[in-house]
Structure formats: C-alpha cells, structure tokens
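Written below as structure tokens is the structure these notes are about.
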Amino acid sequence: MTDGRLLVWTGSPCVSVGPLHVSLFFEPSPVELELTGPEGAKAEYLTVGGPYLGLHVAKPIPDGFNWRDSKTMRISVYPNGWGSTTQLATVLNESAQHPDDTYWFQNVGWLNPAEVAAKDGKEFLATCTPDPAKTKKK
Numbered sequence: 000m001t002d003g004r005l006l007v008w009t010g011s012p013c014v015s016v017g018p019l020h021v022s023l024f025f026e027p028s029p030v031e032l033e034l035t036g037p038e039g040a041k042a043e044y045l046t047v048g049g050p051y052l053g054l055h056v057a058k059p060i061p062d063g064f065n066w067r068d069s070k071t072m073r074i075s076v077y078p079n080g081w082g083s084t085t086q087l088a089t090v091l092n093e094s095a096q097h098p099d100d101t102y103w104f105q106n107v108g109w110l111n112p113a114e115v116a117a118k119d120g121k122e123f124l125a126t127c128t129p130d131p132a133k134t135k136k137k
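For the record, in the sequence shown the residue sitting at position 82 is 81 according to numbering that gives the first Met the number 0, with numbers rising by one throughout.
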C-alpha cells in the first residue's frame, strides 16, 4: 500500500499465450475487478483504481468502493496463473513499516524483489510461476 492505494504484485510476470484474464475479488463483498488483455498481454504490477496499462477493464470496481472495508483480496489469473488470497488487515496495519518495494505474500511474509527471486519456485510459488512438480519431464 502506498499513499492509501492498494498495490498488487504477482511476484512474477503473468504473460498470456492466449487472451489474458485477471480478476481481483474483494471479500466478503461481491466486488470484482476484471481485467482482460490480448495474447501476449502482461500483468505483474497492478494498482487498484488504475491505470491498468495494456489491459482492458471488463468489469470495473463500483464507484465509492473502498477496498479497506474488505477482509481479503483474491487474485485469479488465466490461462497461465494461479489464484491466491491475502488478508488485507496485514497490508493495512503493516505496510508503513516496510519499504515501498516490499510486498506482502500471504503465509510467506513481506518480500522485496530480490527475496522473491530467491524464494519463488523453491519456498513458495508466485501467482504466475509454473509449478515445478507439474512441469517436470517424465
């Protein structure tokens, strides 16, 4: 979170081999932000409220929606990503204690880009990191 805006980092680039579909669900509300992009579109850093460079807003966040009122945010990326959920209370309560390049990864902790690069695929999987167990050649 920077200047009250929710910044989302997938931890690794989400690049589509077909049309890209990114959804952010704010729970327990029914609010969903849906973004789409053409083949080759990329999503990695998103700021809730935009702009969403290279992506089309297929389903906008309603006017007056305040993400701070949500308990969790779930991100889903298709076709080449996973879904993950984060507790927003941690983001709200602890963001100011961390540098701007550090993001909260649920069940992992606060990580900067160097820490994500060192741990992604080994200790956890970022949203768009292929699962090595599923991509091993047999």
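The C-beta atom is built at its ideal place from N, Cα and C for all residues, glycine as well.
Contact between the region 8-17 and the region 27-44 is present: three or more C-beta pairs spanning the two stretches fall below 8 angstroms. For Ser94, the secondary structure class from DSSP, reduced to helix, strand or coil, is helix. As the crow flies, the alpha-carbon of Leu34 is around 11 angstroms from that of Pro50. Ranked by Cα distance from Trp103, the first of Pro131, Ala57, Val56, Thr84 is Thr84. Taking all protein chains in view, the Cβ of Thr89 is surrounded by fewer than 16 other Cβ atoms within 10 Å, so the residue is classified as exposed.
A check of alpha carbon separations from His55 across Leu32, Arg67, Thr9 identifies Leu32 as the nearest. Leaving aside the five residues that flank Lys70 on each side, the residues in its chain whose CB is nearer than 8 angstroms to its CB run, in chain order, Glu26, Pro27, Gln86, Leu87, Ala88.
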